[in-house]
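Student:
2 protein chains.
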Amino acid sequence: MNIYDIAREAGVSISTVSRVLNNKGNVTAATRARVERVLARSNYTPSAIARGMAGKPLRTIAVLTVDIRVPHYARTAYTIEREFSRRGYEVSLCNTGGERAEAIRYLRAVTEKHADGIVLVGSIFNQLGSDPQAAPFLREAPVVLANGRIDLPNSYSVLVDDRHGAALAVEHLMARGCRDLFCVRDVATESAEAKCEGFVRALEHAGISDGQDRILDTGQSIAGGEEAVKALLASGRRVDGIVCGEDITASGVVRALRAAGLRVPQDVAVTGYNDSEYARVCDPALTSVDNKPELVAMLCVQLLESLIEKTGPFSSVTIQPELVVRDSA
Amino acid sequence: MNIYDIAREAGVSISTVSRVLNNKGNVTAATRARVERVLARSNYTPSAIARGMAGKPLRTIAVLTVDIRVPHYARTAYTIEREFSRRGYEVSLCNTGGERAEAIRYLRAVTEKHADGIVLVGSIFNQLGSDPQAAPFLREAPVVLANGRIDLPNSYSVLVDDRHGAALAVEHLMARGCRDLFCVRDVATESAEAKCEGFVRALEHAGISDGQDRILDTGQSIAGGEEAVKALLASGRRVDGIVCGEDITASGVVRALRAAGLRVPQDVAVTGYNDSEYARVCDPALTSVDNKPELVAMLCVQLLESLIEKTGPFSSVTIQPELVVRDSA
DNA sequence: CCGGACGCTGAAAGCGCTTTTTTCAAGCAT
DNA sequence: ATGCTTGAAAAAAGCGCTTTCAGCGTCCGG
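First to last, the protein sequences are chains A and B. First residue of the first sequence? That's 1 in the numbering used here, and the numbers climb one at a time after it. First residue of the second sequence? That's 1001 in the numbering used here, and the numbers climb one at a time after it.
1) Roughly how many angstroms separate the alpha carbons of glycine 287(A) and valine 301(A), rounded to a whole number?
2) In whole angstroms, what separates the C-alpha of valine 70(A) from that of serine 1191(B)?
3) Rank Ala135(A), Val63(A), His172(A) and Ser92(A) by C-alpha distance to the C-alpha of valine 243(A) and give the top, closest one.
4) Is arginine 280(A) close to chain B? Criterion is C-beta to C-beta, closer than 7 Å.
5) Would you mind reading off the limits of the beta strand (DSSP E) that contains asparagine 95(A)?
6) Do you know how far the Cα of glycine 1225(B) is from the Cα of aspartate 186(A)?
7) Can you give the beta carbon distance from alanine 297(A) to isoleucine 80(A), rounded, assuming they're within the 8 Å contact cut?
8) Starting from isoleucine 383(A), follow the beta strand (DSSP E) in both directions and report where the run begins and ends.
9) Looking at the secondary structure, which residues open and close the alpha helix (DSSP H) in which glutamate 1246(B) lies?
10) Considering only their Cβ atoms, is the gap separating isoleucine 1118(B) from phenylalanine 1084(B) smaller than 7 Å?
11) Any Cβ of chain A within less than 7 Å of the Cβ of proline 1136(B)?
12) Which ranges would you report for the beta strand (DSSP E) in the stretch 1105-1172 of chain B if only whole runs of at least 3 residues count?
13) For arginine 41(A), is the classification buried or exposed, using 16 other Cβ atoms within 10 angstroms of its Cβ as the cut-off for buried?
14) Using a Cβ-Cβ distance cut-off of 7 Å, determine whether glycine 1052(B) contacts chain A.
15) Run through DSSP, which three-state label would cysteine 1178(B) get?
16) Given a cut-off of 7 Å on the beta-carbon distance, is the pair isoleucine 1248(B) and arginine 280(A) in contact?
17) Quick one: complete alpha helix (DSSP H) runs, 4+ long, within the stretch 252-301 of chain A?
18) Would you say aspartate 1116(B) lies against chain A (beta-carbon separation less than 7 Å)?
19) Is the Cβ of leucine 262(A) closer than 7 Å to any Cβ of chain B?
20) Counting pairs of Cβ atoms below 8 Å between the stretch 307-325 of chain A and the stretch 138-156 of chain A, do you hit three or more?
21) Any residues in the stretch 1280-1301 of chain B with a beta carbon nearer than 8 Å to a beta carbon of chain A? Which ones, in chain order?
22) In chain order, what residues of the stretch 91-120 of chain A put their CB closer than 9 Å to some CB of chain B?
23) Does the beta carbon of alanine 1074(B) sit closer than 7 Å to a beta carbon anywhere in chain A?
24) If you drop the 5 nearest sequence neighbours on each side, which residues of the same chain put their C-beta closer than 6 Å to that of alanine 1167(B)?
25) Would you mind sorting glutamine 1220(B) into buried or exposed? The rule is 16 or more other CB atoms within 10 Å of its CB.
26) Report the three-state DSSP secondary structure of aspartate 1186(B) (helix, strand or coil).
27) Rounding to the nearest angstrom, what Cα-Cα distance links proline 1035(B) and leucine 107(A) in this structure?
28) In the DSSP assignment, the beta strand (DSSP E) including threonine 1045(B) goes from what residue to what residue?
29) Taking alanine 259(A) as the query, report the chain B residues whose CB atoms sit under 8 Å from its CB, ordered along the chain.
30) Taking buried to mean at least 16 other C-beta atoms within 10 Å of its own C-beta, is proline 132(A) buried or exposed?
31) Measuring only between beta-carbons, confirm whether tyrosine 1004(B) sits less than 7 Å from chain A.
32) Rounding to the nearest angstrom, what Cα-Cα distance links proline 136(A) and serine 130(A) in this structure?
33) Considering only their Cβ atoms, is the gap separating valine 270(A) from valine 254(A) smaller than 7 Å?
34) Which same chain residues, not among the five before or five after valine 1170(B), have their C-beta less than 7 Å away from its C-beta?
35) Comparing alpha-carbon positions, which option in Lys292(A), Gln320(A), Ser306(A) and Ala101(A) lies nearest alanine 77(A)?
36) Within a Cβ cutoff of 6 Å, which residues of the same chain sit near glycine 1025(B), ignoring the five residues on either side of it in sequence?
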């Protein structure tokens, strides 16, 4: 059932049906009524493909994320989807797992389908801007990168000041009287680097200069947190505070500390990052840095929408995280 | 840059370019080489829209979920996306939040865009099959419903036997010596009903007939779990085992029990459901029912793909969950 | 040496819309 | 009564592909 069928049944031309459907141009009330009656009793669904063919935008947004199962990305993607949906867009999603090839494959696919805009969620995607295979696709539609910088003509960023976030955690621990702090780096991203930098700087600010030696590397998981603590305790170094790069890792840190007979926060205070549900499930509930994924997502959507509609001026923005104090520190 | 530009530069017709691009029909090596050279030095991207217009499938799958932020749905959606991506499809996502209007709006949009198939993730979507507004769209493309039944021509289900899952939890608790069991129902879905039914049946099987009176209603959250326990303890009824409908609720149950001075699992054993990361973060780690979202997703993808390619025969399937024993029971 | 088959390529139609252009008729002023 | 204007609706073009069909040259067998 297409527009020709409707036109034939209503005894008008397809352009008239189109005018009725899109509510534009002049149509007499009588003609409009006749078309609408036919429309009502048919189950006609206009083809967005054909509409796209005729030059109208398809109103779809491509969202690239590392892994939607990570709560932080889920929250970001959720808000992006909801907000674009509210604005009449549909969102298409890809979990690249950080695989460059996967990102390129997907970017090609959405370019072929004429996506109206692209949102990259995760600092890892900043690489794509300088990737000769990926960059051409990123020029075909406006791009917004959540949590990372990208240098391309029609691309902007919404950044979170993770350096500041880590510094907030350090300051809080110090205010509690902690002096022997460590920082757990559980992933190799720009964002993790920023946290470490914030940690080191905050220590320097307090007159402690060996911050760089107080960074523990491990994996982003409960087991990762546990291992980091085991290694730390085995080293015999004194510790009374640990800043973690992720709540899930922090929960492993807490678990290992308790297993070693240490009390949290009395003996060792621990902070998480992302203020996820894990922070509330963990016992004791984690003090965590809220980096506001919903706010970031909202800003991404607003920015991308104005980019699509070319209602500038545009600019990248940076937001500040906040510390949420609970029981672990 | 379109196929006409390529054809002109290569000095051939567009049909020849099309043949080269799609690797079909006969083209001499010389002609093919000439076209490919032009192709290589251009940044031509074929239009999937135009290809769709010409009758080819666009290879997009629509996925409806309640809320991607719920880990169980995130795991399901993730696997669906990855598997379809691997098969050359793109997935579009909508979080309906259980809103009928939102589902309908989205179904209309994807129908207009000629989605090749639809996956409904969550038992709540079984309503759509009998919804006069939604059903027409569900007839336009094959549909697979994860975790619920739907009665429509081209629709099939992948079910999890949640009755059995709850029964597994009951049996485990009884084997530990628990006798005064309760079940926490934290949401009003078909799936939650099945769990309660499994709970009641399993009790009956053990000679306990008042299972129906042992169901506690609350919200699906940490607070929900806490409230259920507070109400239960206030009632003065004896309890030594609690079966929960979700890990997150179970974590609240554990927290409230401990706050009341009860030991888990020694005084009261607790089981969760979904075997999510929450079960591992919780202290003590939750014994939980694994309802295998990845397996369900894989089966959905396989089923939907064969539906799309009409390589039958098709049939709905039911899978059995398994109990994962940890420290809480 | 000619007819038919076959391989390669181009021409053209068609997919379902939007939009521009054209047609037509009615209404009005001169 | 003629010419103009105006508004409604039809006609037609165009979007970028795929695919069918037709044309044309070549090769082979009779």
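Beta carbons are placed, not taken as given, at the ideal position from N, Cα and C, and that holds for glycine.
Tutor: Reading off the structure:
1) Before going further, note that residue 287(A) is threonine rather than glycine in the sequence given. Taking the straight line joining both Cα atoms gives about 29 Å.
2) 25 Å
3) His172(A)
4) For arginine 280(A), the nearest CB of chain B lies under 7 Å from its own CB, placing it at the interface with that chain.
5) 90-95
6) 31 Å
7) Their Cβ separation, rounded to whole angstroms, is 5 Å, which keeps alanine 297(A) and isoleucine 80(A) in contact under 8 Å.
8) As displayed, chain A neither begins before 1 nor continues past 329, which places residue 383(A) out of reach and without an answer.
9) Careful: glutamate 1246(B) lies outside any alpha helix (DSSP H) and carries neither H nor E.
10) no
11) yes
12) 1117-1121, 1143-1146 and 1155-1160
13) Classification of arginine 41(A): exposed, given that the 10 Å Cβ count is below 16.
14) yes
15) coil
16) Taking C-beta atoms as the reference points, isoleucine 1248(B) and arginine 280(A) fail to come closer than 7 Å.
17) With a minimum length of 4 residues, the continuous alpha helix (DSSP H) runs that stay inside the stretch 252-301 of chain A are 277-281.
18) no
19) no
20) yes
21) Arg1280, Val1281, Cys1282 and Asp1283
22) Val91, Ser92, Leu93, Cys94, Asn95, Gly97, Glu102, Arg105, Tyr106, Arg108, Ala109, Val110, Thr111, Glu112, Lys113 and His114
23) yes
24) Gly1198 and Ala1202
25) buried
26) coil
27) One point to set straight first is that residue 1035(B) is valine, not proline, in the sequence displayed. Answer to the nearest angstrom: the Cα atoms are 24 Å apart.
28) Unbroken run through threonine 1045(B): none, as it is neither H nor E.
29) Residues of chain B passing the Cβ test: none, with the nearest at roughly 10 Å.
30) Counting Cβ neighbours within 10 Å, proline 132(A) comes out exposed, since fewer than 16 surround it.
31) no
32) Rounded to whole angstroms, proline 136(A) to serine 130(A) spans 10 Å at the Cα level.
33) The answer is yes: Cβ separation under 7 Å.
34) Excluding sequence neighbours, valine 1170(B) sits near Leu1181, Phe1199, Ala1202, Leu1203 and Val1243.
35) Lys292(A)
36) Arg1019
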